[in-house]
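First up is the structure itself, then whatever we jot down about it.
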Amino acid sequence: MAAYVIRRLLQMIPTLLGVLLLVFLLFKMVGGDPAEILGGLNASAQQINEIRQQLGLNEPWYVQLWIYFKSIVTFDWGRSWATQEAVSSIFATRLPATLTVMLPILVLDTVIALPIAMWVAYRRGSLADRTLMVVTTVALSISFLVYIIIGQYVFGFQLGWFPVQGWSDSLGTNLVTYVPLPLILALMVGVAPQTRLYRTFLLDELGQDYVRTARAKGMTERTVLFSHVLRNALIPIITNVALVLPGVFVGSFLIEVFFSIPGLGREIILAVNRSDYPVIQAVAIYLAMLTMLINLGADILYKLVDPRVVLK
Amino acid sequence: MSAVLNQVPAMVAQRPEGVWRAAWKRLRADHVGMGSMAVVLLFILLILFAASGLIAKGWQKEVGVPSAPPTFMGPAPKVESTTIPVPKGPNVDISSVDPLAPRYKEWDERAAKFKSEETVKAETLPFGADRLGRDVLAKATKGTQTSVFVGLMGAAIAALIGTLLGAAAGFFGGKIGDFLEWLYSVFTAMPDILLLLVFAVIFGRGIGSVAIILALVGWTSVYRQVRAEFLKHSTRDYVRSAEAIGASTASRMFRHILPNVSHVILVRMSLLVVAFIKFEVILSYLGLGVGVDDVSWGTMLAESQSELILGYWWQLVAATGFMAVFVTAFSLFTDALRDALDPKLRGLE
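Protein chains in written order, with this note's numbering: chain A, 627 to 938; chain B, 6 to 354.
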C-alpha cells in the first residue's frame, strides 16, 4: 500500500510539471505584457521598465521559468497585483466561505440523489421512472443562471423568506441565514443529473447475475438492494464524488457572485477581470495538485470498499 | 412465382447494411428522436435566416418604447407626467437681464435648418422590448444564432483536435502515445470551469475566441474515446490487410479506421454541443464571453436580472424559453442518435 501511494505521488510530478509549463507558457505567450497591465494606462515607459525589472521580466525566459518554479516549490505564491494581498492569505481567508456553501451542497446532493436513484432504478420503466427522466431532461436544459435569477427574485425579493445576498463572520449565522437559499437552488439543479447518473450505475448492478442468485436464495429485497447492489454500485459513485470534489474547492462561481459570498470562486472571477496573474496561476496549480490527490484518495477508498480491487 | 424466386439470390447478394443506413433506420423508428430532430432542424433554419440577415437584422434598432410590454399585456399604463405648476402672477420680461437673450434668435434660425423626424415607437411588441426599446424577439433570435453557433463551432473544433490527437495516440502508441497521454493528464488535472477561465483571460472576448476556448477545454473527452477506438481497431484484420496490400499509414488511419469510428465522434460531439452552450451562457454572463456588440442567451440573461426587479420579465422568459426548447430538443436528439449509432452506449450518462 505504502509503495503504491509513493509511486502514485511520483507519477504526479510529470503531470504537475506539465500544468506549470502550460500555465507559464499561456501567460507568457498570449497573455500580454503584465507590466503594462500593472502600470495602468498612464504609466510612462520608464515606470513600465521598472515594473518589468521588479517582476524579473527583463530576464531571459528560462530564468523566468526558474523564478516561477521556485515560487511554486516553496509555496511562496507572491502577492496579488491588484490588492497586494499575499496569495496564500487569499486562499486562507476565502476558502472557509467557499467550503461553508459547497460542502453542504455536495453532501446533500449525494444523500438526496442516491435514494431517489435507487427507488426509480428498482422500478425501471414505471411511470415514476419515466416522469423523472423527462423532468430531469427539461430541468437540465435550463441554465443554472435562470434558477438563481428567479430563485433570488421569488424567495429573496418577493417572498422575503431568505436574505437576497450577504455573509457574516459567524459560521452559525452563515449556515442558518445565508446558505439555505443558494443551497436549495444548487440542489434543484444538481440533484437531477446526479440521480440520472446513479440510476445508471444501479441499473448496471441490478442486471448482474449475483442479484438473481441472491434473490434465488430467498433473500429479502431489502438485503439484495442495500447490502448487495448498493455496495457494488459504490465504486462508480465514489468515482463520481471524487470527480466533483475538486470543484468544491473553487466553489460555484455563479453562486458566489450572485450571493456576494466572499469565497474563492468570486476571488477568481475578480482576478480574471483584473488580469491578476499571480492569483490565477496559483489557483490553477494548487487545484491541479488537489485534484490529483483526491483521485489518489478515491483509488485508496476503492480498496476499502471493494477488497477485489488490486492496487497496482 | 418463378420471377419472385429468381429475385431472392440477388437480394442476398446485396451489400450488408452500412452502419449509417442501419442507424437511420433505428432513428426513424424513434418518435421522440425524430420529433426532437425536427425541432433542431427548425432552429438551424432560424439560425441560417438570422445569419444571412433575412430576419432579426435590425435587432439593435430601438423600435419600441423602453421596456415595452408584450402585445398581449397591452401598453404600459401612462404615468401622469408631473409638471411644475405655472406660477401665478404677471409674466415679467427678463430679457434685459438674461445674458442669453441676444442669441435666442440666432439659435432659432440655426435650429430651423435641421429637420427632426418624430419616429413612432411601438407601445407594445410581440415579445416586448428591453431597457433600450430593442425588440426582444429579434434579440432572442440573434442570441440563438450566437449561442448555438458557438456551441456547434466549439464542438466541431474540439472534435477535430480530439480526433487527430486521439487517432495518433491510439494508432502509433509508443513515445507519441505517452506524450499525448501526458498532455491529456495535464488538461484534465484542473476542473473544466477553471481551465475555461484561464483561457478566457488570455483569449479575451468575442464569438470566435469563446468557441476556441471551449474547444481547448473540451477536446479531452473526444480524445479519450477516439484513442480507445483506434487502439482497438489498429490491430483488427481489415487494417492489417490494408497494410499488407500497401496502404499508407495516413490511409489506414483516416480512410480505413476513421469511418468505422466516426459515429462515436458524432455522438461525443453532440454531447459537447449541449455542454458548450451552457458554458457559453455562464461565460457571457460573467462578462468573459461574447463581445459587447453581440447578443447571446447569456448576455440576455445578464440584462434580464436587473429588469426582473423592475417587473420586466419578458426578456428573461424569451431567453430561457428559446434555450430550454433548443437544449431539450438537442439533448433528446443526442440520446436518440446515441441509441441509433452506438447501441452499446445506451443508457449511459
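All C-beta atoms in this analysis are idealised placements derived from N, C-alpha and C, irrespective of residue type, glycine included.
Boundaries of the alpha helix (DSSP H) around B:Met-39: 36-56.
If you draw a straight line from the Cα of B:Gly-159 to the Cα of B:Val-215, it is about 8 angstroms long.
Within the DSSP bridge table, the entry for B:Asp-140 names B:Ala-134 as partners.
Interface with chain A (8 angstroms Cβ-Cβ cutoff): B:Ser-253 is excluded. With a cut-off of 8 angstroms on Cβ pairs, the region 854-867 of chain A is not in contact with the region 178-185 of chain B, counting fewer than three such pairs. Residue range 903-931 is occupied by the alpha helix (DSSP H) that includes A:Asn-921. Only those residues of the region 190-203 of chain B whose C-beta falls short of 7 angstroms from the nearest C-beta of chain A are listed: Ser-190, Val-191, Ala-194, Met-195, Pro-196, Ile-198, Leu-199, Leu-202 and Val-203. Chain order gives the chain B residues near A:Thr-763 as Thr-333, Ser-336 and Leu-337, where near means a beta carbon separation below 7 angstroms. Below 8 angstroms, too few C-beta pairs join the region 711-722 of chain A and the region 686-700 of chain A to call them touching: fewer than three. When Cβ-Cβ separations below 8 angstroms define contact, B:Val-153 makes no contact with chain A. Taken through DSSP and simplified to helix, strand or coil, B:Gly-69 comes out as strand. Look at A:Thr-865: its C-beta is not under 8 angstroms from any C-beta on chain B. Under the DSSP definition of a beta bridge, A:Ala-743 lacks any partner. Distances from the alpha-carbon of A:Tyr-804 to those of A:Leu-652, A:Met-728, A:Ile-864 and A:Leu-648 put A:Met-728 closest. At the C-beta level, B:Thr-124 and B:Phe-48 stay beyond 8 angstroms of one another. In this structure, B:Ser-72 is the residue among B:Ala-172, B:Leu-32 and B:Ser-72 with its C-alpha nearest to the C-alpha of B:Tyr-317. Look at B:Pro-75 here: in three-state DSSP terms it is strand. A:Pro-808 is outside the set of residues whose beta carbon lies under 8 angstroms from a beta carbon in chain B. With its beta carbon less than 8 angstroms from one in chain A, B:Tyr-290 belongs to the interface.
For B:Ala-194, the secondary structure class from DSSP, reduced to helix, strand or coil, is coil.
Under the three-state reduction of DSSP output, B:Ala-307 falls in the helix class. A residue is called buried when at least 16 other Cβ atoms come within 10 angstroms of its Cβ; A:Gly-792 does not meet this threshold and is exposed. Rounded to whole angstroms, the gap between the alpha carbons of A:Gly-844 and A:Ile-742 is 25 angstroms. With respect to the 8 angstroms criterion, B:Leu-315 and A:Ile-775 are not classified as neighbours on the basis of their beta carbons. In this model, A:Thr-736 and A:Ser-878 are separated by some 17 angstroms (Cα to Cα). B:Thr-193 counts as buried, since at least 16 other C-beta atoms from the protein chains shown sit within 10 angstroms of its C-beta. Using a C-beta cut-off of 8 angstroms, the region 261-276 of chain B makes contact with the region 218-229 of chain B, since at least three inter-stretch Cβ pairs fall below that distance.
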